[in-house]
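Visitor: So that we are looking at the same thing, I have put the structure below in structure tokens.
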Amino acid sequence: MQRIIALCATGLLLVGCAQKAPLEGLADGDCTGAVVELVNNHISGQIDALAAKDWELAHSFASENFQANVSVDDFIAVINAQYGMLIKNEGYEFSECTVAGNTIKQEVKVLSDEQEFSLVYVLAVDGSTLGVDSAVVSRVDPQVNA
-7 MQRIIALCAT GLLLVGCAQK APLEGLADGD CTGAVVELVN NHISGQIDAL AAKDWELAHS
53 FASENFQANV SVDDFIAVIN AQYGMLIKNE GYEFSECTVA GNTIKQEVKV LSDEQEFSLV
113 YVLAVDGSTL GVDSAVVSRV DPQVNA
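-7 is the number of the first residue of the sequence shown in this note's numbering; add one for each residue after it.
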């Protein structure tokens, strides 16, 4: 019986290893299931770290290129000057996600100070690594209270 369990466990490990990672072989167009989940978790991690003012953790969600060129101190200054809505967010949700080459764009709506901010996150894909390159505020609307 123990041999059967061991064989089944080994089989599951091999099947798991054979599965393609979500970022391998990305096709241009709309993001698909595993990619959507990975991107949303990555951006959520950064937004949650910003809300907690855990600057080093938030900076770690950036792409390698961004981290190499923007120090944590400069990152803090930019966030405080332009992205206060992420620090004081009252919630956020994800909408359209698209892939073009090694770039993923994810639209995020953030509620903060009775306003809804629409941001477009640009993430770089480098092999199996995902990192935030930028986030651009594309629209600000008063929050609608229904």
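Every residue gets a Cβ at the ideal spot worked out from N, C-alpha and C, and that includes glycine.
Can at least three beta-carbon pairs, one atom from the stretch 90 to 107 and one from the stretch 50 to 69, be found at a separation below 8 Å?
Guide: Three or more beta-carbon pairs separated by less than 8 Å are not found between the stretch 90 to 107 and the stretch 50 to 69, which leaves the two stretches without contact.
Visitor: In the DSSP assignment, find the unbroken alpha helix (DSSP H) run with L18 in it and report its ends.
Guide: Neither: L18 is in no alpha helix (DSSP H) and is coded neither H nor E.
Visitor: Is it the case that the Cβ atoms of S104 and N72 are separated by a distance below 8 Å?
Guide: no
Visitor: I believe M77 touches V114 by the beta-carbon criterion, under 8 Å. Please report the beta-carbon distance rounded to the nearest angstrom.
Guide: That belief does not hold up - the Cβ atoms of M77 and V114 are roughly 18 Å apart, past 8 Å.
Visitor: Please state if the CB of A41 and the CB of A50 are separated by a distance shorter than 8 Å.
Guide: yes
Visitor: Let me check understanding here. Comparing Cα to Cα, which of V132, A26, D118 and A127 lies closest to E106?
Guide: V132
Visitor: From A19 to P134, what does the alpha carbon distance come to, in whole angstroms?
Guide: 36 Å
Visitor: Output yes or no for whether 8 Å exceeds the beta carbon distance between L111 and S87.
Guide: Contact flag unset, no.
Visitor: Do A54 and V124 have their C-beta atoms closer together than 8 Å?
Guide: yes
Visitor: Is the CB-CB distance between A116 and N32 below 8 Å?
Guide: Here A116 is not near N32, since their CB atoms are 8 Å or more apart.
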